[in-house]
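Let me begin by presenting the structure, written as structure tokens, before commenting on it.
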Amino acid sequence: MCRRDRHRPHAGWSGRGFCGTSSERRVLAWRPARPDTARERGAGTAGGWHVQQGNRGTSGGQRRHRQDPPAWRIPQARRQRSRGSGGNCIARRPVPLTGEVPLFDERTLLSTASRLLAREPSLPVALADTARLLTEALSGDGCLVYGIEANGELVVSATFPVRPPPKEPLRMPSGFGVTGRVAADGIPAVLVDDNPRNALHRELLGLEPGQLVSRLCVPARSPQGGCAAVLAVHSLARREFTSGEIDAAQRVADLVGLRVQLARASSALGDFEDRWESLVAATVTAQEGERRRVAGDLHDGVTQALASLTFHLSAAEVALTERDYDYGIDQVRAARATADLAFAEARNAISGLHSPVLEDLGLAAGLVSMARAVPNVQVEVDAQDLDLPVYVEAALFRIAQEAVQNVVKHADAVRALVSLVKRGRSIVLRVSDDGRGFDAPGRVSSALRGRDAASQYGLMGMYERVQLLGGHLSVTSDRGEGTTVEAVIPEVMN
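So for the sequence shown, our numbering puts the first residue at 6; every next one is plus one.
Shown next, in the form of structure tokens:
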């Protein structure tokens, strides 16, 4: 079956059709091509040219057998249309059979293409070399290789002969024009008298104004389905590509499709490895940050309280030795108060490592419990009760905890607000205060700022936790206007 390219002029002429999947060998004829039997073809001549049967001998074009198809139904046996006039006149000389006896060895072609595509590590170089190989094998004048981007758009990624790259590459949407339809449908196409209208396309083909070109476009089919690229061989001399040439070009194109798919898989694997390394680094960094935070809490709280307890007990011992009982009793009372403080500090450090309320009642209740334990700052909580994965709840709790600790230590604030809301399938955690703020350079974000900015503003732990969840952390602040920390965790809600 052949589909006619009806948007082009003279759609019924030779070369204006697409080879359908029902064609056994995909030759542009009105009947499926079939293998030649012995002595059926090439036995006679007419004016020195090989001709198809049905146009053989001196019978004036009469068919020898009733079973033979009319000669004009086979492309190679049609008479050539004049290319320069642009009209519909028919030349008197029959068209020679091109490729009836292939000028290339298909097995050698496929073997060479396989080695080339397997050994060349650079995909652009491999595509350019394949374009040259296919051009030389089919005795063409050049070949364009169209890559297919993620949005389905086709872009010229390799050419032979190599031409100076244009300022903007040739692009076309999938399904547009002959090449776009080949990519969309995965069906080869042959155009004998093609007249491209795109100026950049004509420049890549090396066409003069008004000059026609014969083209063979084959899809580079991916093993996973679909089309990975399109190879378009062109000839400046009018020619009809035979079924053998089409089949050979398609086999080479399928090798290209496999090579492109392997390159994409290799690139995806490299991206996965990079993300994995980043994830491991972020995990280790977060763990180290957590250890440093616990060490700081123990040093600033429990350790200092224990040191003070030791001082008071030593003073009480001296007082009792000197029989100064009143002073000794005062020191013992001070030691008792210090011991209570050390106990509270130890409990706070333990709750910082693990929150029983968070585990038992969820994130919203855990935020309320955390806010009640914050000294010197009035912390309000406005949190929706959401059904979140346990690891997301734990990470958001730690982010809120660190943000509130920054408020207590650095903001000199009176009030702070912690909010947790659902936005589409994302979760937004926001901690804002009415403190003194700082001169943040615009909007500090995890996507734009590195470790220096995060360390400067005491945000490294929050950045790392958000990164582990694939989210985004932003900080906005102005001097005297307070600070807002916002963490957005995407795609966590059903």
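Here a beta-carbon is modelled for each residue, glycine too, at the ideal position from N, C-alpha and C. Just so we're clear, the structure is a prediction, and the values are computed from it rather than from any experiment.
In the three-state scheme derived from DSSP, where H, G and I count as helix and E and B as strand, T247 is classed as coil. In this structure, the CA atom of R226 is about 21 Å from the CA atom of L175.
In this structure, DSSP gives Q336 a helical state, which the three-state scheme calls helix. Where V362 is concerned, the enclosing alpha helix (DSSP H) starts and stops at P361 to L366. The beta-bridge partner set that DSSP reports for V423 consists of V386 and V436. Where G466 is concerned, the enclosing alpha helix (DSSP H) starts and stops at M465 to L473. For R420, the CB contacts under 6 Å within the same chain, skipping 5 residues up- and downstream, are Q383 and D439 in chain order. Taking 9 Å as the cut-off, the Cβ atoms of V413 and S424 do not count as close. Counting C-beta pairs with one atom in each stretch, the stretch 222-236 and the stretch 254-264 have three or more that are closer than 8 Å, which means they touch. Around the beta carbon of G215, a 10 Å sphere encloses fewer than 16 other beta carbons of the protein chains shown; the residue is thus reported as exposed. Linking L368 to L267 through their CA atoms gives a straight-line distance of about 45 Å. A distance below 7 Å between beta-carbons, with the five flanking residues on each side excluded, links L209 to the following residues of its chain, in chain order: L149, V161, T164, R168 and L175.
In the DSSP annotation of this structure, the continuous segment of the beta strand (DSSP E) that includes E491 starts and ends at T488 to I494. Segment contact: the stretch 269-276 against the stretch 307-325, fewer than three CB-CB distances shorter than 8 Å; contact not assigned. Counting along the chain, the unbroken alpha helix (DSSP H) around G182 starts and ends at G182 to D190. The C-beta of E364 has fewer than 16 other C-beta atoms within 10 Å across all chains shown, which makes the residue exposed. Out of E278, P201 and P228, the CA that lies nearest to the CA of R264 is found in P228.
According to the DSSP assignment, T326 belongs to the alpha helix (DSSP H) that extends over Q309 to T326.
When the alpha-carbon of G466 is set against those of A349, A142, Q410 and E125, the nearest one is in Q410.
V386 and A378 have their C-alpha atoms roughly 13 Å apart. Per the C-alpha coordinates, the member of Q406, A142, A131 and A136 positioned closest to E111 is A142. When rounded, the separation of the alpha-carbon atoms in A344 and L318 is 11 Å. With a contact defined as Cβ atoms closer than 8 Å, D190 and L217 miss out at about 24 Å. Rounded to the nearest whole angstrom, the C-alpha separation of L372 and F402 is 7 Å. Under a 10 Å Cβ-count criterion, G301 is classified as exposed, with fewer than 16 other Cβ atoms of the shown protein chains found around its own Cβ. Within a 10 Å sphere around the beta-carbon of S116 sit fewer than 16 other beta-carbons, which makes this residue exposed.
In this structure, the beta-carbon distance from T113 to L236 does not fall below 9 Å. Spatial neighbours of R207 in its own chain (CB-CB distance under 6 Å, excluding positions within 5 residues in sequence) are listed in chain order as P201. Distance from the CA atom of P495 to the CA atom of L478, rounded to whole angstroms, is 11 Å.
Contact annotation: V397 and L464 have beta-carbon atoms that are not nearer than 9 Å.
Rounded to whole angstroms, the Cβ separation of F277 and V195 is 41 Å, and the two are not in contact under 8 Å.
The straight-line gap separating the alpha-carbon atoms of V337 and L325 is approximately 11 Å. Going by beta carbons, E173 and L205 fall inside the 9 Å limit.
Nearest C-alpha to A354 among A408, R298, D392 and G275: R298.
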